[in-house]
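One line per chain: the protein sequences are A and B, in this order. Take the working numbering: the final residue in the first sequence is number 140, and no numbers are missing along the way. Take the working numbering: the final residue in the second sequence is number 284, and no numbers are missing along the way. The C-beta atom is built at its ideal place from N, Cα and C for all residues, glycine as well. From a predicted model like this one, the values you see are computed outputs, not experimental measurements. Data block below; observations after.
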Amino acid sequence: MRNLIALLSGLLFGLGLIVAGMANPAKVLGFLDLFGAWDPSLALVMAGAIATALLPMQWANRASCTLTGEPLQLPDTRRIDRRLVIGSLIFGAGWGLAGFCPGPALVGLAAAVPQAALFVAAMLAGMLLFKWFDQPRARQ
Amino acid sequence: MSIDWANFTPWSALAGGVMIGLAASLLMLFNGRIAGISGIVGALLSPRQAGNGERCLFVLGILLAPLLYTLLVARPTIVVEAGPLALISAGLLVGFGSRLGSGCTSGHGVCGLSRLSWRGLIATLSFMASGFLAVYIVRHLWGG
């Protein structure tokens, strides 16, 4: 059951990215180009996603287990710290540079777009670099 | 600023957003997990971690999406303007930054904001701000 839900959720997520236009970096850059010809479409992707997930997530915030009685794994940290802000600023800079974020990049990879493959390889390298950077801290 | 009405696609954006919201809700209601792509992919880089089986299946689902979409509808439109050097730099920044900041557009933007999480809001405002800035620099300072 868990595995089936994970597969379906990933499939629906990926299809949603394509339908929304988020899997198209040119469209994403149109949204991030606030000082040029601005395409507000992606604001509606966010609005649609949040409006849909709001009630289920509010339920999860208060529930003690999932609908199938399994443990909920919600993030337990609430701290607004430098890692959160600096990490997000770095992430956003990369997002704006190419128009790819992780989900759409995976969609592009599977659609055999060579630039997406190059981006995903660099993204994995960036994640490994972070693992290496964070190791001394993780051992403490 | 001017609105690019020619490329504005409100209905498909909303429909895709609803699908993304449904996908995130499914994963939370049944599996109790945040649908954060960078977190899921990042965890897969540490093998033998509990839950990696279902993480693999989630990623497999995303990878199957363009194939299914191509079969049923049409080839998805994917237009990449960035050159190789920009793609490599962008990938490194996205990979490193999303792990340092514990999330990306999906984890913080979709799941965090729907959970009304302050961390999600601060992260989203931060990556939107630097995203706007990066595009401004690339398109209007360098390119302009």
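Closer than 7 Å to chain B by CB, residue i
i: A:ALA122; result: yes
i: A:ASP39; result: yes
i: A:GLN115; result: yes
i: A:SER9; result: yes
i: A:GLN135; result: no
i: A:ARG83; result: yes
i: A:ASP33; result: yes
i: A:ARG2; result: yes
i: A:TRP141; result: No answer is possible for residue 141 of chain A: the residues shown for chain A start at 1 and end at 140.
i: A:GLY103; result: yes
Cβ shell of residue i (< 6 Å), same chain only, five flanking positions each side left out
i: A:VAL120; result: ALA105 and LEU109
i: B:ARG173; result: LEU167
Residue nearest to residue i in terms of C-alpha spacing, selected from the options
i: B:PHE198; options: B:THR149, B:LEU232, B:VAL275 and B:ILE177; result: B:ILE177
i: A:LEU72; options: B:TRP258, B:SER165, B:LEU232 and B:ALA155; result: B:SER165
i: B:ASN147; options: A:LEU128, A:TRP38 and A:ARG2; result: A:TRP38
i: A:THR52; options: B:ALA274, B:LEU208 and B:ALA163; result: B:ALA163
Beta bridge counterpart(s) of residue i as assigned by DSSP
i: A:TRP38; result: B:ILE143
Residue i at chain A interface by Cβ criterion, 7 Å
i: B:PRO187; result: no
i: B:GLY283; result: no
i: B:LEU197; result: yes
i: B:ALA214; result: no
i: B:LEU184; result: no
Residues of its chain near residue i, where Cβ-Cβ distance is below 7 Å and the 5 sequence neighbours each way are ignored
i: B:ILE160; result: VAL250
i: B:ALA183; result: GLN189, ASN192 and ARG195
i: B:ALA263; result: GLY241, GLY243, HIS248 and GLY252
CB-CB length for residue i against residue j, believed under 8 Å
i: A:LEU29; j: B:GLU221; result: 7 Å
i: A:GLY92; j: B:SER270; result: 3 Å
i: B:LEU232; j: A:ALA98; result: Wrong, their Cβ atoms sit about 11 Å apart, outside the cutoff.
i: A:LEU34; j: B:PHE272; result: 5 Å
i: A:GLY21; j: B:SER152; result: 6 Å
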